[in-house]
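There are 4 protein chains.
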Amino acid sequence: MPSTFGENLKISIYGESHSESIGVTVEGFPAGFPIDEEKLAAFMARRAPGRDKFSTPRKEADEVVFLSGITDGFTDGTKIHAVIYNQNRKPKDYSDISDTPRPGHADYTAKMKYGADYNATGGGHFSGRLTAPMCIAGGLCIQWLETKGITVGAHIASVHGIEDTRFDSVNITADELNSVKSKAFACIDDTAAEKMQDEILKAKAAGNSVGGSIECAVVGLPAGIGEHMFDGLENRISLVTFGIPAVKGIEFGAGFDVCDMYGSENNDEFYVNENGKIRTRTNNCGGILGGISNAMPIVFRVAIKPTPSISLTQNTVSLSKKENTTINIGGRHDPCIVQRAVPCVEAAAAIAITDLMLRKK
Amino acid sequence: MPSTFGENLKISIYGESHSESIGVTVEGFPAGFPIDEEKLAAFMARRAPGRDKFSTPRKEADEVVFLSGITDGFTDGTKIHAVIYNQNRKPKDYSDISDTPRPGHADYTAKMKYGADYNATGGGHFSGRLTAPMCIAGGLCIQWLETKGITVGAHIASVHGIEDTRFDSVNITADELNSVKSKAFACIDDTAAEKMQDEILKAKAAGNSVGGSIECAVVGLPAGIGEHMFDGLENRISLVTFGIPAVKGIEFGAGFDVCDMYGSENNDEFYVNENGKIRTRTNNCGGILGGISNAMPIVFRVAIKPTPSISLTQNTVSLSKKENTTINIGGRHDPCIVQRAVPCVEAAAAIAITDLMLRKK
Amino acid sequence: MPSTFGENLKISIYGESHSESIGVTVEGFPAGFPIDEEKLAAFMARRAPGRDKFSTPRKEADEVVFLSGITDGFTDGTKIHAVIYNQNRKPKDYSDISDTPRPGHADYTAKMKYGADYNATGGGHFSGRLTAPMCIAGGLCIQWLETKGITVGAHIASVHGIEDTRFDSVNITADELNSVKSKAFACIDDTAAEKMQDEILKAKAAGNSVGGSIECAVVGLPAGIGEHMFDGLENRISLVTFGIPAVKGIEFGAGFDVCDMYGSENNDEFYVNENGKIRTRTNNCGGILGGISNAMPIVFRVAIKPTPSISLTQNTVSLSKKENTTINIGGRHDPCIVQRAVPCVEAAAAIAITDLMLRKK
Amino acid sequence: MPSTFGENLKISIYGESHSESIGVTVEGFPAGFPIDEEKLAAFMARRAPGRDKFSTPRKEADEVVFLSGITDGFTDGTKIHAVIYNQNRKPKDYSDISDTPRPGHADYTAKMKYGADYNATGGGHFSGRLTAPMCIAGGLCIQWLETKGITVGAHIASVHGIEDTRFDSVNITADELNSVKSKAFACIDDTAAEKMQDEILKAKAAGNSVGGSIECAVVGLPAGIGEHMFDGLENRISLVTFGIPAVKGIEFGAGFDVCDMYGSENNDEFYVNENGKIRTRTNNCGGILGGISNAMPIVFRVAIKPTPSISLTQNTVSLSKKENTTINIGGRHDPCIVQRAVPCVEAAAAIAITDLMLRKK
């Protein structure tokens, strides 16, 4: 089922950008766990739009309401159900795009799937809005993982070619990851952050948008988590991460750089560290061998495409007339969604890993 | 379950590199379909080792035996069960690696998962050998897709930095894809192929290995295949593809190049072609919008790491003594597995797409 | 996952008797289907308590609110999410039963599963209250099945030994099934209904409760629905039906009577009827052979135990003191729940059958 | 998927009565467990035909061959794959039944499902033969459960109205259950066994067959196993048990007798026994409250219909001519399959319970 994920932690997302509510049910989450709602709200806020000039001015009050599964602040072992009631539901005028599909959007493919009558009001269930319930589930997982000494954190690795290079996949720490979370723009290097923001504003001024990449690390994960073949860490993290609209690629550890390497360069040699722990000198495998964690940081990078909604006139077709035409997309949109996608990527990693950790060994 | 994939087409792989047999069961495959066993054997041969000097000299007679599900050459609607009986099962001497994990292999992580007694004879269920049953399932899917006018084909995009650039993600045809399949070395550009082979032999001579990348296309897939969120084409293809050992990254369409693009560059504009069909001028989305096919070729690239087994002495640890040591891996191994992984990538794409196509609209 | 059912129609129920809301998500339901909310409300009302003197006086306004998945009265192809907001949530005083488990309830087994801290407020997720969301999903399925000419209906077959015998498993019609639905007490034979009601009132007066059985039929189901082995109609209907608390047995067609039969009696002989259709003279198989429908009415009976909550003093134990004690359960409870379970059994059958019908043949 | 069961223990059965082999894969079974193959063979023998005059004289050498998953006699943590190679595969002449469906068999419904070309050679995947692989999986589970102090055992409760009444659902012990397993005819009361055998022979002489019932108990199961709603012990045991062809009903504890009871009679009162353990005086709930075990014996009964294959002439139809006709089924068949189904019912219970036990609490 398209909007359901997990075997031991089963999350199920529902809603559309303009339905009365969007939400998520989470089954299999450990019972008796104290939920820190304030911390969750802070996590949600990192994804929410309208916070600054780099994202859409639409205000979405993403207040999370728990309808069941939490008693007196603790998970009670039953299915957790959390919703966000959609404010400002006045359906926009989407009559235009109903016949002239927007380039880069799912308008056309949804019509081809669901039929001509499919009404693409606001992107329906393809909307990036549905990453909000994903973040609820992910936020809960992040809180649980923290109690196990596991930290999930990400930073903006690049925006339109400008890179944040201060990231060491061997030595990255929980503190470094957490310090990024409190920043308004999730870079490690603040100078890079400034340049990226300039780039976004330049694109915005031109009625255009830009893409970028996000790098995520999970530190503190013990060795032995993950399964072989289709249930490896790479498989499961990918499966969830591609559920974030705009993701077009994912790579683990050295990723696509391995294509140019010798085996002797790429193999991460083991050694016994000063605490008697077995670690590797390099981390080209991204902390994963045979689908299973090796106690080094899990590291992966995700490619985020430029927001498809731009103000510039674009070529498209009229579906009814079967002829070429153009489209101008009104409204105000994010010139870049990379910064908002950072907590979504963290959520994806946390969900996939929690599900794998809850498997009986 | 780790070695099971699919909702409507359910494949389940079993076996180990040194068990009596390896095999696959396939449930949900269309009934009444004529299986071309010769064609399947040809497909399996592309993956098999020992065919040339670029791969391991181990001979594996990967003969496929159907134990049930096929009657008089046709699928009979019941679960298909196919096995390959392992020849030459004499277990190698793995006593070395039992205590000194090989860098780049799952020896260490498997021990951490299954406990100290885990006996990594030949990699067990982490073995690349298990891509053979995956290819059986994939080979059946490819035959079925062909009857629907859909062709799956891949080429070696690069080996150790040398690229096969003759691939046009907009105009690639079934004929081009098929012509690569008959080649001994799966490049479109034969000059590039020669250079790659030199590179592999050079690594081999040095007791080393090299990585590379594979580019896969699916042409003829109608628009409307795939689902939103977690069941999109990207999610499902990734899930299966990371089941091939050695894959460290996957990207669709422009992939990681989108990070450096403007929205106006990346958006694929629609137009009506000379046959009145709706197509896009570019194919940066890799034929996928909102997880769903748009009738352009599905295009994705996969990063394959260098074979971790190399002859050079490598640093590692003794698990029992908790101290640093070195390892020399004996035996003869593939200096490059990129060429053998090509049909595996095709199989992965075919399995994921067939499963999605068999969903009721 | 405990509260999730289905492969092609996936329903997922959540909530507890005293949580803010209870609800259900339904994924895979046919798109573009007009929901008759009034009809659904009528269906829900048949399950609701407080309608007459035979059931608990607690009033539950089981108003169904659709939070997503329905647009302009039609299913829109996305996941349907429906909730019932719990009124009167003032948690009762369950401090008694926390230490002294009620006989016949899940108090003790839940403690043994979830630990001593488990707080059985109102039965939590074991509550019969959760059959309300099951009825929402089932009510939608019944509406869809009706458009296919398939009618699901049940009657009270017995209460405390008094039987409603006017049911012909060979010739039962949609009209007969529907006429029962409009009755206040779901018997075919009104005289039997009266006697049953007397029996219930007698038990009520004595502070006791009574059990009974429900017989359900599905008419109009074409031949060929269902799968072999674990996905037969019997398997799937049973799986859902035992999700109704209080069900202790299920039998199809002649059911347990087959134990005393000869093959020659039990085998349903085929014949060609006056319309040229193939039918059977008897219906001992309950319309199911090899798990698959044969176009005769699907017929099954369900055993419903007496409500475990009774006013009489009962023996039980103190968990903390590990000694024998007694319990008096306060509050007012249903002296019989058989009549309220009738629509739940219909819902269970409809859900199981719809899921099987939505499988691609 | 029809022939797949389980979440934590996933069993997948394949094969047909006349395919080269039938078999089962078992995923998730605990690793490092020593398999007693002799014990398994003894278990399989209880199901095998041709042992005495009460069952079909067909000899089936149900030798179990493990193709993978077992190393040096221990489960090695990978998927277990076990097969039985079918001997005597000479396909019988089924041309008769291809047009004239046998009453009580799946011939007709399979044709309606799979189309006119469906070739019902020997019942295909509807064959009772497929309970053999189910027994392999169940036999492994029974061995594992025994190491946890849990015993699964069943007896013939009735054949054609003659009952074996010596069964006490409160006090039944592992020894009593095990003593039945060594008997040629699985009754507790040998006098009842004799009468049943006479009844079977009488039916056999008349070219007829008889049905019966099986009662199964699981003793030693700790409290707290099972889940609420759709994953209760009743739901899961039913789901697997109806996978045995010929089962038409199942009831737990007092079963259908609860319909005639008062709550005060049916409720099982708790008490502290002489060992300080909490038990119930009666066992009307069959050891299950809210889907979860209460440490009393799990008790259920199953209705087995008379073998549909009988020698007597039966009325049926010609599918091609759409007219009434008769059929005589040649060959020699079981006059009763109740005795052979006993280990199958044990297997079903063991599989369902092991799957639930392997869930992480």
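Residue numbers (my numbering), protein chains in the order written: chain G, 1 to 361; chain Y, 1 to 361; chain C, 1 to 361; chain W, 1 to 361.
The beta-carbon is built from N, C-alpha and C at its ideal position, and this holds for glycine as well.
All figures in this text were calculated on a predicted structure; none of them were measured in a lab.
Item, Value
"Using a Cβ-Cβ cut-off of 8 angstroms, state whether Asp355 (chain G) counts as contacting chain Y.", "no"
"In the DSSP assignment, find the unbroken beta strand (DSSP E) run with Gly153 (chain C) in it and report its ends.", "Thr151 to Val159"
"If contact is defined by three or more beta carbon pairs under 8 angstroms, each pair taking one atom from either stretch, is the segment 162-176 of chain G in contact with the segment 305-319 of chain G?", "no"
"Go ahead and pull the three-state DSSP assignment for Thr109 (chain G).", "helix"
"Tell me which same chain residues have a C-beta within less than 7 angstroms of the C-beta of Arg281 (chain W), skipping the five on either side of it?", "Asp268, Glu269 and Tyr271"
"Find the nearest neighbour of Glu163 (chain W) within the set W:Phe66, W:Ile188, W:Thr151 and W:Tyr14, judged by alpha-carbon distance.", "W:Ile188"
"Just reading off the alpha helix (DSSP H) that Leu140 (chain C) is part of, what are its end residues?", "Thr131 to Glu146"
"Would you check if the distance between the CB atom of Thr75 (chain Y) and the CB atom of Ala31 (chain Y) is smaller than 8 angstroms?", "yes"
"So the alpha helix (DSSP H) Asn266 (chain W) belongs to, where does it begin and stop?", "Gly263 to Asn266"
"What whole-angstrom Cβ distance do Val26 (chain W) and Leu140 (chain W) have, given they're in contact under 8 angstroms?", "7 angstroms"
"Return no unless some Cβ of chain W is closer than 8 angstroms to the Cβ of Phe185 (chain C).", "no"
"Please report how far the alpha carbon of Arg340 (chain G) lies from the alpha carbon of Met44 (chain G), in whole angstroms.", "10 angstroms"
"How about Thr173 (chain G): is its C-beta nearer than 8 angstroms to some C-beta of chain Y?", "no"
"Considering Glu215 (chain Y), what are the terminal residues of the beta strand (DSSP E) in which it resides?", "Gly212 to Val219"
"Going by C-alpha distance, which of Y:Ala106, Y:Arg236, Y:Lys277 and Y:Glu234 is nearest Leu319 (chain G)?", "Y:Lys277"
"Short of 9 angstroms Cβ to Cβ, which residues in the segment 124-135 of chain C face chain G?", "Gly124 and His125"
"Is there a Cβ of chain Y sitting closer than 8 angstroms to that of Ala106 (chain W), yes or no?", "no"
"Let me see if you follow: with CB-CB separation under 8 angstroms, is His18 (chain C) close to chain W or not?", "no"
"According to a CB-to-CB cut-off of less than 7 angstroms, which residues of the segment 214-235 of chain G neighbour chain Y?", "Ala223, Gly224, Glu227, His228, Met229, Phe230, Asp231, Gly232, Glu234 and Asn235"
"Between the C-alpha atoms of Ala352 (chain G) and Pro2 (chain G), what's the straight-line distance to the nearest angstrom?", "16 angstroms"
"If you measure from the beta carbon of Gly249 (chain C) to each beta carbon in chain W, is any gap under 8 angstroms?", "yes"
"Three or more C-beta pairs under 8 angstroms: does that hold for the segment 280-300 of chain C against the segment 250-266 of chain C?", "yes"
"Identify the residues that DSSP records as bridge partners of Ala82 (chain C): which are they?", "C:Val24 and C:Phe66"
"If you compare alpha carbons, which of G:Ala223, G:Gln314 and G:Ile327 is closest to Ser98 (chain G)?", "G:Ile327"
"Taking the CB atoms as reference points, tell me whether Gly220 (chain G) and Ile142 (chain G) lie closer together than 8 angstroms.", "no"
"So with Cβ pairs under 8 angstroms, would you call Met196 (chain Y) a contact of chain G?", "no"
"Which runs of the alpha helix (DSSP H) spanning at least 4 residues fall entirely within the segment 170-230 of chain C, listed in chain order?", "174-181 and 190-205"
"To which residues of the same chain is Lys361 (chain Y) closer than 7 angstroms at the C-beta, ignoring the five residues directly before and after it?", "In this predicted model, Lys361 (chain Y) has a pLDDT of only 47, less than 50, meaning its place in the structure is not dependable enough to derive any value."
"Please name the residue, chosen from Y:Asn315, Y:Ile200 and Y:Val24, that lies closest to His333 (chain Y) on a Cα-to-Cα basis.", "Y:Ile200"
"Taking Cβ positions only, does Leu67 (chain W) come closer than 8 angstroms to chain Y?", "yes"
"Could you pull the start and end residues of the alpha helix (DSSP H) that Glu346 (chain W) belongs to?", "Val338 to Met357"
"Straight-line CA distance for Cys336 (chain C) to Lys10 (chain Y)?", "45 angstroms"
"For Val247 (chain Y) and Gly138 (chain C), I'd like the C-alpha separation in whole angstroms.", "45 angstroms"
"So for Leu40 (chain C), helix, strand or coil by DSSP?", "helix"
"Report the rounded CA-to-CA distance for Ser17 (chain Y) versus Gly69 (chain W), giving the unit in angstroms.", "11 angstroms"
"Which residue marks the beginning of the beta strand (DSSP E) containing Arg301 (chain W), and which one marks its end?", "Ile298 to Ile304"
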